[in-house]
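Novice: Okay, handing you the structure first.
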Amino acid sequence: MSERTAPGAKTSAGNFFEDFRVGQELRHATPRTLTTGDAALYTALYGSRFALNCSDDFARALGLHAAPIDDWLAFHVVFGKTVPDISLNAVANLGYAGGRFGLPIFPGDTLEARSTVIGVKENSNRKTGVVYVRTHGTNQRGETVLDYVRWVMVNKRDAASPAPETVVPSLPEAVPAAELLVPPDLDLRGYDADAAGSAALWEDYAQGERIDHVDGMTIEEAEHALATRLYQNTARVHFNQHSESKGRFGRRLIYGGHVISLARALSFNGLANAFRIAALNGGSHVAPVFAGDTVYAWSAVLATLELPRHKDLGALRLRTIATKNRPCGDFPYRDDAGAYDPAVVLDLDYTVLIKRR
Amino acid sequence: MSERTAPGAKTSAGNFFEDFRVGQELRHATPRTLTTGDAALYTALYGSRFALNCSDDFARALGLHAAPIDDWLAFHVVFGKTVPDISLNAVANLGYAGGRFGLPIFPGDTLEARSTVIGVKENSNRKTGVVYVRTHGTNQRGETVLDYVRWVMVNKRDAASPAPETVVPSLPEAVPAAELLVPPDLDLRGYDADAAGSAALWEDYAQGERIDHVDGMTIEEAEHALATRLYQNTARVHFNQHSESKGRFGRRLIYGGHVISLARALSFNGLANAFRIAALNGGSHVAPVFAGDTVYAWSAVLATLELPRHKDLGALRLRTIATKNRPCGDFPYRDDAGAYDPAVVLDLDYTVLIKRR
Amino acid sequence: MSERTAPGAKTSAGNFFEDFRVGQELRHATPRTLTTGDAALYTALYGSRFALNCSDDFARALGLHAAPIDDWLAFHVVFGKTVPDISLNAVANLGYAGGRFGLPIFPGDTLEARSTVIGVKENSNRKTGVVYVRTHGTNQRGETVLDYVRWVMVNKRDAASPAPETVVPSLPEAVPAAELLVPPDLDLRGYDADAAGSAALWEDYAQGERIDHVDGMTIEEAEHALATRLYQNTARVHFNQHSESKGRFGRRLIYGGHVISLARALSFNGLANAFRIAALNGGSHVAPVFAGDTVYAWSAVLATLELPRHKDLGALRLRTIATKNRPCGDFPYRDDAGAYDPAVVLDLDYTVLIKRR
C-alpha cells in the first residue's frame, strides 16, 4: 500500500499498474439509485432538451413507462464507480471502444458496475502501463444497461516491478448496426417530431454531412465539480485545487465526460430527433478543458445505418467534435498531417437512434 | 436562414422580425415533466420558504394532493420554451401583461407551451421591430397553467425588408380580481400560519404600505447558469462568455426571471402568507444584473383585493422592486422626473393570493 | 423591533439576547418535505458514497423501504429552520451536545422543528449573551428524527438591558451507547460490505486508531450557497457579499454544516461501513472557511461501543478533524498547550453505527 494510506489500510489510494492482471474481475462499490433528482440536476448542468428524457408523456407515447434517464448520465455514473478501482492513479484516459447501451435506466432503477481486466501492456519507460478493462453496468435486476471497453495509462507503484506479459485486446472499430440494442418496449408510432423540436428525421441525414451546433456553453468551476460529484467520480484532479495548484496544469481539470454531455446537449440544435445513444464506438479527450472555457461542437455523419427489424427507426454513426473558445462554423478538426486543430478538446465516435419516416 | 446555420438547415438560428406575422401560432418544443428534483433545485437556487411549496403535508391540509411546484418555476419553464422561437434574436424583453396563473403544477405534471403572435410593429430605425405574443402554458391534460402576453424587440434579418402593417394589441393594466383563478381544490380551513412563518394575513396589509424585505442575496455565475439551463432557456447571452466577452456588456447577462425568483424568495420576509402567484400584471427588467451583484427587494401594496366567492382568501396587488448592491430600507424607486434609481433592476407588478382571517 | 424592519413589523430581523427566556418554546417556520431531489443535490454537493443513502436496493436488503436521506442533510434542514428564530443575530455558534438521531427520514417525509430555551447567560461585556436551546426535529407523524442542544452567542439589542438570571444546563459529554437509537426495521443480515466498498467492520477498528481520509475537496462560492439555501438557512453571512464585504472577514463565511458534510463525505475513504450517524456528542467550528479553501479530514476512534440487543451492529465514537489547505497524513490537531493547529477548521465528536461481523 502507498505511504499515503493510514495504518490499518482501511483507506485506499487506488490501484497501480502492478495490481492489474488479465482476467481479474473488479466489483465496484456503491450501488446508486438514479432518480428524478439526478435528472433535474443533469438538465441544470447541461440544458439538454431531447424530448424523450424531458417528458414522461412523450416517453409514454412511445411505450415507455416514464422518461428514461439521459444515456450519458447513466454512462457517467457507471464510469464514476470504476474510478476508485481503475483510474485513481491514471495518467491519462486513452480511449473507449465497443460501448453498447442496453436497457434504458428509469428513475428508481439502481446502477451497479463491474469490470474485467482484458489487457495490460507496460510502457517502455517502465514507469507506467496501459490497462484495458471491459466495464459492465447493470440495473437492479442484473440486466445490462451499458457495456464498454476503456483503456487508461496507469502509474506503476515501483518502476522496478517486472513487466507482465503484454495482452492487447482486439477491439471493434465500431459497434455494427446489427448489434445495436433498441429498448424492447419502444414503439415509435406515437413519436411527435413537433414536440421534439425538429422535422429532420433519419432520411434527412446523409453520410459525410456536417452540422454546426451553433451555440456555446461556458463552464464554471462549481458546475463541473457538482456534475462529477453527482457521478461519484473520485479522481482528485477534478476537485482538489490545493493539490492541483502544484500539479501539471496548476488547476483543476474538467472531467472529460462533462464535455461529452455538453457536446450532446449542444447537438440538440441539429439532431433533435436523435433521442437515444446506442453505441460508443470510440473517443478521445484531445485536450484538457478548464473552468472559464466555452465549449462549442459540430458533428459529422459517419454513416447512416438501417436497423434490421425496425422500419420506423434508423441509426446515425456520428463524429462529434467539441472545441474550446472557438465556434465551429468552419468545422475545425485535423490538419493535413493529422494533427488536431488546437481548439479541439473532444473527438467522439458514437451511434444514435433516430426516427425514420 | 442565417449564415450561421449548417447546410441542410437542421439547426436554427432563431426567428427574426420578418418571420413573425399577426395570427401566427407557434408550438414550442420540448414538453417538460417537472419533478421534485426541479423543486429541490429551485430551493437551492433561491432559498424560497413559502410553506405551500415546501411541504406536502402543508399542501394536503389545504386540500391539494402534494406541494405544488413554485409558480415562478412553472413560469420560467414555459418562458424558456418560447425563447428558441420568439426571442433568440431579441435585443430586449420589453414587457409583460395580462398574465394569469391557472392550475398549479405538481411533480409529475408535464408542461407544454404555445404562443400566438398578437402584434408587430417595426421600429423607425428599420433594424428592429417589436413582436407581441400571447403564450399559453398547459399541463398534460391540456389545462391552462399560465397565460401571459410579452413583447420583445427583435432584430430584422434585413433592414431593407418591407415593414408589416402595425398591429399593437390593447393590453389590460392589471388582471381584475374577478378574473383571478383560485386552485379548485383549495380549502384554507386547514391553513397553519404559524407553520408558514407569519401572523400577517390579508387584513393586515393596507394599500400604499411598503415593506422592506431586508435580506440580500449575491448571485454567482454558476447559479444563474444552472437556473437558466434548468428552464431550458437557450438565450446565448446567459451562457456564452466567449461570445459575450465581445458583446455589449463584456460578460454574461443574468436571465431576468432569475431576479424575479430571487425577489420573490426575499419577499418571504414580509409576505410569508402570500402563498400563490395569481397574476403577472406587468414588469420591466430595468437594468442588467451580472454575477457578483447582490439583489435586495422591497414591495408596495398597490391594492388589497377581495375575491368573490372566497371568504377566507384575499389578494394583494404588489409592486416588487429589486435593486442591486443597495439595501431597500428607504424604498428606492423613481425620482421626480420618473427616472429609476440607478440601483433598481426589476419593477414587477403582480398579484398574490393570501389567507384572510 | 430593530430599525431595519419595515413599518408594520411584518418582517423579522431575528431575536436578540433579550428576547430569550428559559423555558420558552419556539416553533420554527416552514415544514419541509425532503425528496429524492434533495438527495441528488446532496450527492452533487459532497460526493458522498455511503451505500445506504445511495441505493434503494441496498436499503431494502436491510429492511428499509427506500434509501434514507443522508443524516446530515436532515440535520442541516432542522438546523436551518432554527436560524431565523435563534441565530440570525448570533456572533458565534459555540457548541453542540447531546444530539441523538432518531428515525431516518425517507423521501416524502416532512421535517418540522421546535426549540426550547434551556439556558441563558449574559457575557461580562454586556453586549452579548449565550443562549442554550434544545431543538427537536420531527417527521410528519410527530416522531423524533433529531434532538440536540446547541448554544450560540447572540447580540443584545441594547447593552443597557438588565441581565437575566444565569441558567447553564448540564450537558452530557457524549450520548451513552445505551441511549443510541437504531432504526427499528433495520436488519443487517442482508448487509453487503462489498457493495458498500470496504471489508473493514466494527471489529477492525480500535480505540485510539487514527485514519487519514486522504482526499481533499475545494469549495466554490456557488456550492456552499446552493447548499445553505437548500437547507433554508437564512444567516446573511453566507449569502450577502454586498454586506459581508464590509464585515469581519470581507467575504461570505461558509456555513459550518457544509464543512461537516464535506468531512463526512471524505470519511467514506476509511469508514465506508459506518452507514448511519447515531449521535452528535459535541463539535466546534474552530476557524472560518471561505470559498477557494480545500477541506481535508482525518478521524480518531474515541471509543468502540457495543450496542445492547444488537449482535450484528456496533458503534464507533469518532473525532473527525477537518482542515483547510493542509493534508491530514500527520493528523494535525492541537499543540501541547492545547491550541489548535492553524489549519484545523472543525473538531467534531459524533457516533456512527457500523456493521459487526
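Protein chains in written order, with the working numbering: chain A, 2 to 358; chain B, 2 to 358; chain C, 2 to 358. Backbone N, C-alpha and C fix where the C-beta goes; we use that ideal spot for every residue, glycine too.
Could you tell me if tryptophan 107 of chain C is buried or exposed, where buried requires 16 or more neighbouring beta carbons within 10 angstroms of its beta carbon?
Specialist: Along the third sequence, one-based indexing puts residue 107 of chain C at 106. Residue 107 of chain C is actually phenylalanine in this sequence, not tryptophan. Per the 10 Å Cβ criterion, buried.
Novice: Taking the alpha helix (DSSP H) that glycine 271 of chain A belongs to, which residues open and close that run?
Specialist: As a position in the first sequence, residue 271 of chain A is number 270, starting the count at 1. Unbroken alpha helix (DSSP H) run through glycine 271 of chain A: 269 to 272.
Novice: On a CA-only basis, which of C:Val346, C:Arg310, C:Ser285, C:Val302 is nearest tryptophan 152 of chain C? Give me that one, please.
Specialist: By one-based count along the third sequence, residue 152 of chain C stands at place 151. Measuring from the Cα of tryptophan 152 of chain C, the nearest candidate turns out to be C:Ser285.
Novice: Of all the alpha helix (DSSP H) runs that stay within the bounds of the stretch 145 to 214 of chain A, which reach a length of 4 or more residues?
Specialist: Within the stretch 145 to 214 of chain A, the complete alpha helix (DSSP H) runs of at least 4 residues are 194 to 197.
Novice: Is there a Cβ of chain C sitting closer than 7 angstroms to that of glutamate 55 of chain B, yes or no?
Specialist: Translated into the one-based positions of the second sequence, residue 55 of chain B becomes position 54. Reading off the sequence shown, one finds cysteine at residue 55 of chain B, where the question assumed glutamate. Yes, cysteine 55 of chain B counts as interfacial toward chain C.
Novice: Under a CB-based cut-off of 7 angstroms, is isoleucine 212 of chain A close to chain B?
Specialist: Walking along the first sequence from the start, residue 212 of chain A turns up at place 211. Judged by the 7 angstroms Cβ criterion, isoleucine 212 of chain A is in contact with chain B.
Novice: State the start and end residues of the unbroken alpha helix (DSSP H) segment that holds valine 353 of chain C.
Specialist: Here residue 353 of chain C refers to the residue found at position 352 of the third sequence. Careful: valine 353 of chain C lies outside any alpha helix (DSSP H), inside the beta strand (DSSP E) at 345 to 356.
Novice: If contacts are defined as beta-carbon pairs under 8 angstroms, then glutamate 26 of chain A and arginine 115 of chain A qualify, I think. What distance do you get, rounded to the angstrom?
Specialist: As a working mapping, residue 26 of chain A is identified with position 25 in the first sequence. As a working mapping, residue 115 of chain A is identified with position 114 in the first sequence. Rounded, the Cβ-Cβ distance is 6 angstroms, consistent with contact.
Novice: How long is the line joining the alpha carbons of aspartate 58 of chain B and leucine 104 of chain B, rounded to whole angstroms?
Specialist: Position 57 of the second sequence, counting from 1, holds the residue named residue 58 of chain B. Position 103 of the second sequence, counting from 1, holds the residue named residue 104 of chain B. When rounded, the distance between both Cα atoms is 19 angstroms.
Novice: Could you tell me which residues DSSP pairs with arginine 22 of chain B in its beta bridges?
Specialist: Taking the second sequence and counting its residues from 1, the one referred to as residue 22 of chain B is at position 21. DSSP output for arginine 22 of chain B lists no bridge partner at all.
Novice: Is valine 296 of chain A near alanine 273 of chain A, with beta carbons less than 7 angstroms apart?
Specialist: For this step, residue 296 of chain A is matched to residue 295 along the first sequence. For this step, residue 273 of chain A is matched to residue 272 along the first sequence. Going by C-beta atoms, valine 296 of chain A is not nearer than 7 angstroms to alanine 273 of chain A.
Novice: Quick one: Cα of glycine 251 of chain A to Cα of histidine 243 of chain A, how far?
Specialist: The residue labelled residue 251 of chain A in the question sits at position 250 within the first sequence. The residue labelled residue 243 of chain A in the question sits at position 242 within the first sequence. Each residue's Cα considered, the two are about 9 angstroms apart.
Novice: Cα separation between cysteine 55 of chain A and threonine 31 of chain B?
Specialist: Within the first sequence, residue 55 of chain A is the residue found at index 54, counting from 1. Within the second sequence, residue 31 of chain B is the residue found at index 30, counting from 1. Their Cα atoms are separated by approximately 7 angstroms.
Novice: Taking contact to mean 3 or more Cβ pairs, one atom from each stretch, closer than 8 angstroms, check whether the stretch 205 to 219 of chain B and the stretch 201 to 214 of chain A are in contact.
Specialist: Short answer: they don't touch.
Novice: Mind pulling the beta strand (DSSP E) runs of 3 or more residues that sit fully within the stretch 232 to 314 of chain B?
Specialist: As far as the stretch 232 to 314 of chain B is concerned, its whole beta strand (DSSP E) runs of at least 3 residues are 277 to 286, 295 to 307.
Novice: If you drop the 5 nearest sequence neighbours on each side, which residues of the same chain put their C-beta closer than 6 angstroms to that of serine 49 of chain C?
Specialist: As a first step, residue 49 of chain C is located in the third sequence; it is residue number 48 there, counting from the start. So the list reads Ala266, once near-sequence residues are dropped.
Novice: Given a cut-off of 7 angstroms, decide if arginine 28 of chain A and aspartate 336 of chain C are closer than it, judged by their beta-carbon atoms.
Specialist: Here the question's residue 336 of chain C lines up with position 335 in the third sequence. Here the question's residue 28 of chain A lines up with position 27 in the first sequence. Taking 7 angstroms as the Cβ cut-off, aspartate 336 of chain C and arginine 28 of chain A do not qualify as a contacting pair.
Novice: For the alpha helix (DSSP H) that contains histidine 137 of chain A, what are its first and last residues?
Specialist: On the first sequence, residue 137 of chain A is found 136 positions in, with the first residue counted as 1. Counting along the chain, histidine 137 of chain A falls outside any alpha helix (DSSP H), though it belongs to the beta strand (DSSP E) covering 129 to 139.
Novice: Under 8 angstroms Cβ to Cβ from asparagine 16 of chain C, same chain only, skipping five residues before and after it: list those, please.
Specialist: Here residue 16 of chain C is taken as the residue at index 15 of the third sequence, counted from 1. Closer than 8 angstroms at Cβ, skipping near neighbours: Asp86, Ile87, Leu89, Asn90, Val155.
Novice: Reducing DSSP to helix, strand and coil, say where alanine 93 of chain C ends up.
Specialist: Start at 1 with the first residue of the third sequence, and residue 93 of chain C comes out as number 92. Of the three classes helix, strand and coil, the one that applies to alanine 93 of chain C here is strand, per DSSP.
Novice: Determine, for proline 165 of chain B, whether the minimum Cβ-Cβ distance to residues of chain A falls below 7 angstroms.
Specialist: In the second sequence, counting from the first residue as 1, residue 165 of chain B sits at position 164. Proline 165 of chain B does not count as touching chain A.
Novice: Taking its Cβ as the centre, do 16 or more other Cβ atoms sit within 10 Å of lysine 247 of chain A, making it buried, or is it exposed?
Specialist: If you number the first sequence from 1, residue 247 of chain A lands on position 246. Exposed, by the Cβ-count rule.
Novice: In chain order, what residues of the stretch 10 to 33 of chain C put their CB closer than 7 angstroms to some CB of chain B?
Specialist: Listed by position, the residues of the stretch 10 to 33 of chain C near chain B (Cβ gap below 7 angstroms) are Lys11, Thr12, Ser13, Ala14, Arg28, Ala30, Thr31, Pro32, Arg33.
Novice: Any Cβ of chain C within less than 7 angstroms of the Cβ of aspartate 58 of chain B?
Specialist: Residue numbering aside, residue 58 of chain B sits at position 57 when the second sequence is read from its first letter. Chain C contact via Cβ: present.
Novice: Tell me which residue opens and which closes the alpha helix (DSSP H) that lysine 82 of chain B is part of.
Specialist: Within the second sequence, residue 82 of chain B is the residue found at index 81, counting from 1. Where lysine 82 of chain B is concerned, the enclosing alpha helix (DSSP H) stretches over 72 to 83.
Novice: Under a CB-based cut-off of 7 angstroms, is aspartate 71 of chain A close to chain B?
Specialist: As a first step, residue 71 of chain A must be located in the first sequence, where it is residue number 70. Chain B, which has no Cβ nearer than 7 angstroms to the Cβ of aspartate 71 of chain A, makes this no.
Novice: Measure the alpha-carbon distance for leucine 187 of chain B versus leucine 181 of chain B and round it to whole angstroms.
Specialist: Mapped onto the second sequence, residue 187 of chain B falls at position 186. Mapped onto the second sequence, residue 181 of chain B falls at position 180. The alpha-carbon atoms of leucine 187 of chain B and leucine 181 of chain B are separated by roughly 14 angstroms.
Novice: So which residues on chain D does asparagine 126 of chain C lean against when the C-beta distance must stay under 9 angstroms?
Specialist: Judged by its chain identifiers, the structure shown contains no chain D, and its protein chains are A, B and C.
Novice: Do aspartate 313 of chain B and leucine 189 of chain B have their CB atoms nearer than 7 angstroms?
Specialist: Translated into positions along the second sequence, residue 313 of chain B becomes position 312. Translated into positions along the second sequence, residue 189 of chain B becomes position 188. For aspartate 313 of chain B and leucine 189 of chain B, yes; Cβs fall inside 7 angstroms.
Novice: With DSSP as the reference, please indicate the residues paired to tyrosine 43 of chain C in a beta bridge.
Specialist: Stepping through the third sequence from its first residue, residue 43 of chain C is reached at position 42. In the DSSP output, where bridge partners are listed per residue, tyrosine 43 of chain C has none listed.
Novice: Using only the alpha-carbon positions, how far apart do glycine 120 of chain C and histidine 137 of chain B sit?
Specialist: Here residue 120 of chain C corresponds to residue number 119 of the third sequence, with the count starting at 1. Here residue 137 of chain B corresponds to residue number 136 of the second sequence, with the count starting at 1. Taking the straight line from one Cα to the other gives about 56 angstroms.
Novice: Classify valine 169 of chain C: buried if its beta carbon has 16 or more other beta carbons within 10 angstroms, exposed otherwise.
Specialist: Within the third sequence, numbered from 1, the residue matching residue 169 of chain C stands at position 168. Classification for valine 169 of chain C: exposed.
Novice: Touching or not, the stretch 73 to 83 of chain B and the stretch 72 to 79 of chain C, by the rule of three or more beta carbon pairs under 8 angstroms?
Specialist: With the cut-off at 8 angstroms, the stretch 73 to 83 of chain B and the stretch 72 to 79 of chain C do not touch.
Novice: Determine the extent of the alpha helix (DSSP H) in which leucine 364 of chain A is found, giving its start and end residues.
Specialist: Outside the shown range of chain A, which is 2 to 358, sits residue 364 of chain A, and nothing can be said about it.
Novice: Per DSSP, which one or two residues make a beta bridge with alanine 341 of chain A?
Specialist: Numbered from its first residue, the first sequence carries residue 341 of chain A at position 340. Note on identity: in this sequence residue 341 of chain A is tyrosine, with alanine being the wrong assignment. A:Arg335.
Novice: Residues of chain A with a CB under 9 angstroms from the CB of leucine 362 of chain B: which are they?
Specialist: The displayed coordinates of chain B run from 2 to 358. Any statement about residue 362 of chain B would go beyond what the structure contains.
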